[in-house]
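Asker: Quick one: this structure, given as structure tokens, is what I'll be asking you about.
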Amino acid sequence: MTNTSKKFSWKAFISFGLTYSFIIIFLTGIVLYFAPAGRIAQWVNWKFAGFSKEEWQAIHTIFSYLFVILSIFHLFTANWKTFVSYLKNKTQNGLNKKRELYISTFLTIAIFFGIIYSVPPFSSVMDLGEYLTNSWENEESTPPIPHAELLTLSELVQQLNDIPIEKIEEKLLANKIKFEHINQTLAEIAAINKITPNELYNIISKKSGAGMPGAGMGKKTLSDIAYENNKDVDELINLLKDKNIIATKDNTLKDIAEEYDMAAKDIHEIILPTK
137 MTNTSKKFSW KAFISFGLTY SFIIIFLTGI VLYFAPAGRI AQWVNWKFAG FSKEEWQAIH
197 TIFSYLFVIL SIFHLFTANW KTFVSYLKNK TQNGLNKKRE LYISTFLTIA IFFGIIYSVP
257 PFSSVMDLGE YLTNSWENEE STPPIPHAEL LTLSELVQQL NDIPIEKIEE KLLANKIKFE
317 HINQTLAEIA AINKITPNEL YNIISKKSGA GMPGAGMGKK TLSDIAYENN KDVDELINLL
377 KDKNIIATKD NTLKDIAEEY DMAAKDIHEI ILPTK
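Using our numbering, read the sequence shown as starting at 137 and increasing by one per residue.
What follows is the structure, given as structure tokens:
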């Protein structure tokens, strides 16, 4: 009887692995291209096909590494002899595909610098991605400050114009929200109660009259705020300048805040102080 069992083929194994890795990298890349910004995704517990943005990023990263590792094995184990033979042949006989080499090299360099210097159509691809990412933002889904889910209850008190912590605890208990202590973050409390940090924040801040201005105000420009409050926009710009903050009338509070590592509500307080 002849032995019909076949020897394990590492070349086929690596080829299948490369194919699967490429498909997964391609699909996760598409998802991450239109996914919301991290601060939005974490604030509303955004998920696509059952996976959070962090999970999509992890899948994309790990399979990218796997693709590189398998590519190395594909070259140095399965096809090393063929590759070395090809190099020797080209060294001895000379490169006979110079035109293709030059064109390929030129296109690679052109694309690289086109991306670096934001030249169309490369910049258009990035602009579309940014548009899709920002399209998830609205007044309901935008956190009052970036990564507000990391605030503890005690830190949130300061952000809500010093509402007593006792009042926040009363609201949580009244809404049957479980928590252990005031040093827990909104994300931790939300996870325990199987709600989003956004929903938890709305429970705490509703009817308090002390919401953070940055939540909806962040998208407004200095011109918008000046018009709504019968102020001279140059006056607002000068108030910021006095604090060493440089801005123009077309800058939004969000953009200014991110530029100077501040919260939108802090910028709002400078130009329209509440006290």
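For each residue, glycine too, the CB sits at the ideal point set by N, CA and C.
Compute the Euclidean distance between the alpha carbons of Ala-346 and Ala-284, then round it to the nearest angstrom.
Answerer: The predicted model places Ala-346 with a pLDDT of 44, which falls under 50 and marks its position as unreliable; any figure quoted below should be read in that light. Between Ala-346 and Ala-284, the C-alpha separation is close to 16 Å.
Asker: Hey, Ile-340 and Lys-379: beta-carbon distance below 8 Å or not?
Answerer: Taking 8 Å as the Cβ cut-off, Ile-340 and Lys-379 do not qualify as a contacting pair.
Asker: Of the residues Ile-373, Ile-176, Ala-327 and Gln-295, which one's Cα is nearest the Cα of Asp-402?
Answerer: Here the closest residue by C-alpha is Gln-295.
Asker: What separation, rounded to the nearest whole angstrom, lies between the Cα atoms of Ala-393 and Ile-205?
Answerer: Using only the alpha carbons, I get a separation of about 41 Å.
Asker: If you draw a straight line from the alpha carbon of Ile-161 to that of Asp-360, how long is it in whole angstroms?
Answerer: Near 42 Å, if we compare the C-alpha coordinates of Asp-360 and Ile-161.
Asker: Between the C-alpha atoms of His-404 and Leu-292, what's the straight-line distance to the nearest angstrom?
Answerer: Their Cα atoms are separated by approximately 18 Å.
Asker: Under DSSP, the alpha helix (DSSP H) around Met-262 begins and ends at which residues?
Answerer: Looking at the DSSP string, the run of the alpha helix (DSSP H) that includes Met-262 is 258-270.
Asker: Which residue comes first and which comes last in the alpha helix (DSSP H) that contains Trp-146?
Answerer: Its alpha helix (DSSP H) spans residues 146-170.
Asker: Measure the CB-CB distance between Leu-154 and His-210 and report whether it falls below 8 Å.
Answerer: Cβ atoms of Leu-154 and His-210: closer than 8 Å.
Asker: Taking contact to mean at least 3 C-beta pairs separated by less than 8 Å, is the region 238-253 in contact with the region 180-197?
Answerer: Short answer: they don't touch.
Asker: Are Lys-367 and Lys-390 touching if we call contact CB-CB under 8 Å?
Answerer: Contact flag unset, no.
Asker: For the ligand SAM, is there any heavy atom lying closer than 7 Å to the beta carbon of Ile-381?
Answerer: What this structure holds is no ligand at all, so the ligand SAM is not there to describe.
Asker: State the DSSP-derived secondary structure class of Phe-184, mapped to helix, strand or coil.
Answerer: If DSSP states are grouped into helix, strand and coil, Phe-184 belongs with the strands.
Asker: Within 8 Å, do at least three Cβ pairs link the region 258-277 to the region 297-315?
Answerer: Output reads no: the region 258-277 does not touch the region 297-315.
Asker: Is it right to say Lys-147 is buried, meaning 16 or more other beta carbons lie within 10 angstroms of its own, or is it exposed?
Answerer: Label assigned to Lys-147: exposed.
Asker: Verify whether the separation of the beta carbon atoms of Thr-321 and Thr-288 is less than 8 Å.
Answerer: Yes, they are a contact pair.
Asker: Tell me which residue opens and which closes the alpha helix (DSSP H) that Gln-193 is part of.
Answerer: Looking at the DSSP string, the run of the alpha helix (DSSP H) that includes Gln-193 is 189-209.
Asker: Under 8 Å, do Trp-179 and Ser-254 count as touching if we go by C-beta distance?
Answerer: No; because the gap between Cβ atoms is not below 8 Å, this pair is not in contact.
Asker: Report, in whole angstroms, the separation of the C-beta atoms of Ser-188 and Ala-177, which I expect to be a contact under 8 Å.
Answerer: Indeed they touch by this definition, with Cβ atoms about 7 Å apart.
Asker: May I ask you to list the residues that DSSP assigns as paired with Thr-288?
Answerer: Note: Thr-288 sits in a beta bridge opposite Thr-321.
Asker: Return the chain-ordered list of same chain residues with a C-beta closer than 8 Å to the C-beta of Ala-268, the five sequence neighbours on each side being excluded.
Answerer: Position check: residue 268 holds Leu in this sequence, whereas Ala was assumed. Result list for Leu-268: Tyr-169 and Phe-170, in chain order.
Asker: Going by DSSP, what residue range makes up the alpha helix (DSSP H) through Glu-335?
Answerer: Here the alpha helix (DSSP H) through Glu-335 covers 333-341.
Asker: What's the C-alpha gap between Leu-286 and Phe-258?
Answerer: Cα-Cα distance, rounded: 35 Å.
Asker: Does DSSP put Thr-384 in a helix, a strand or coil?
Answerer: Reduced to three states, the DSSP call for Thr-384 is coil.
Asker: From which residue to which residue does the alpha helix (DSSP H) around Lys-355 run?
Answerer: Careful: Lys-355 lies outside any alpha helix (DSSP H) and carries neither H nor E.
Asker: Assuming the contact rule is C-beta atoms closer than 8 Å, Leu-358 and Leu-372 should be a hit. Round their C-beta distance to whole Å, please.
Answerer: About 5 Å separates the two Cβ atoms, so the contact holds.
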